[in-house]
Amino acid sequence: MDTIRTITRKLHEHQDVYAQQVLNVLGLGSTSYRPSVAQFNGVALAALDELYTHYPLKRTPDSQAWFSDLTLLEKISADDVYTCAKKRRAFEGYDKLVHSNGARAVASAAVHVLAKTVAELSITGPHSFEQILDEILPSDTDAKKMTLARVKPAFSRDEFIRFRKWCWFDEEELSIETVCQILKFLLDDAQEAGIDPRNPEEAESWMDLIEGYPDPNNVADFLCTVKLFTDFHRETLENRLPWDQAAHKARHRMIAAEQRLGNNILDEL
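Quick note: the sequence shown, position 97, residue 97 per UniProt numbering, numbers continuous.
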């Protein structure tokens, strides 16, 4: 509830970028730091049903005007959620909404409809935006607050691209200090986001944050990177190999695994 309250409030305050950053950290599974996208959608859609049950709108707003700042696809999702919410069947229509629009699109649409509806009610009724929000989404003060991930990594995108090229056998030279620093930043960001970097599904969300756009190949790239550095770490610390020799050995181990396993490389990793 705290996560939904935060996003709804930020949208109302026209802090769309911040709101989107919070939405971006929703993963397929929940952690101690943030809910899963499924949990988020369930609570948000149920809140919409309660909102439209107990706070009927005095006038019918123009949904096109409400969602004028959204993209075409976002408008379609928001309009679908809004249509269900007006009938107080948003939660009931959960499966259909997700099937038609996708889970993340429903999450974004739900909080946009919440923000617009609560704002409209605060204009036409006796209650303020915060009063309505407190009624519909009471804050659990005893619960651990959700933590927003550092969406902007502690290193530049150019550095990350160089790092990835280095991992994938490019000849570009990187010092061991740079490589280890970038790896540490990657792991720190994942941990702060509540993401388990060893979980492929979690890794997908993490890589989306780093890259700034979704790419299914990110999971494979990430797992291969982890495998490389697992071997690298073992050779440098346990076998006391110089870092350049360890990196060379780790890379050739990856090539051998790819040749042996082919398309089953992910299963092996």
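Note that beta-carbon positions come from the ideal geometry of N, C-alpha and C, so glycine has one too. Bear in mind that the values here come from a model prediction, so they are computed numbers and not experimental data.
Per DSSP, cross-strand counterpart(s) of residue i
| i | result |
| --- | --- |
| Ser68 | BP columns for Ser68 are empty, so no partner. |
| Gly102 | Paired residue(s): none; Gly102 is not in a bridge. |
Within 8 Å, strictly: CB atoms of residue i and residue j
| i | j | result |
| --- | --- | --- |
| Ala11 | Val111 | Note on residue identity: the sequence assigns Leu, not Ala, to residue 11. Taking 8 Å as the Cβ cut-off, Leu11 and Val111 qualify as a contacting pair. |
| Leu45 | Arg34 | no |
| Leu51 | Ile123 | no |
| Leu133 | Ala90 | no |
| Thr53 | Arg104 | no |
| Leu23 | Ala115 | no |
| Asn101 | Asp80 | yes |
| Ala19 | Ile7 | yes |
| Leu57 | Glu120 | yes |
| Val43 | Met1 | yes |
| Ser77 | Ala109 | yes |
| residue 270 | Val113 | Absent from the model: residue 270. The displayed extent of the chain is 1 to 269, so no value can be given. |
Which of helix, strand or coil DSSP assigns to residue i
| i | result |
| --- | --- |
| Thr3 | helix |
| Lys249 | helix |
| residue 276 | Residue 276 lies beyond the residue range present for the chain, which begins at 1 and ends at 269; the question has no answer from this structure. |
| Leu241 | coil |
| His112 | helix |
| Ser128 | coil |
Using a Cβ distance threshold of 8 Å, determine whether the segment 90-101 contacts the segment 115-130, with at least three qualifying pairs required. Too few Cβ pairs lie closer than 8 Å, so no.
Considering only residues of the segment 5-93, which uninterrupted alpha helix (DSSP H) runs meet the minimum length of 4 residues and lie entirely inside it, listed in chain order? As far as the segment 5-93 is concerned, its whole alpha helix (DSSP H) runs of at least 4 residues are 16-24, 37-54, 63-66 and 72-86.
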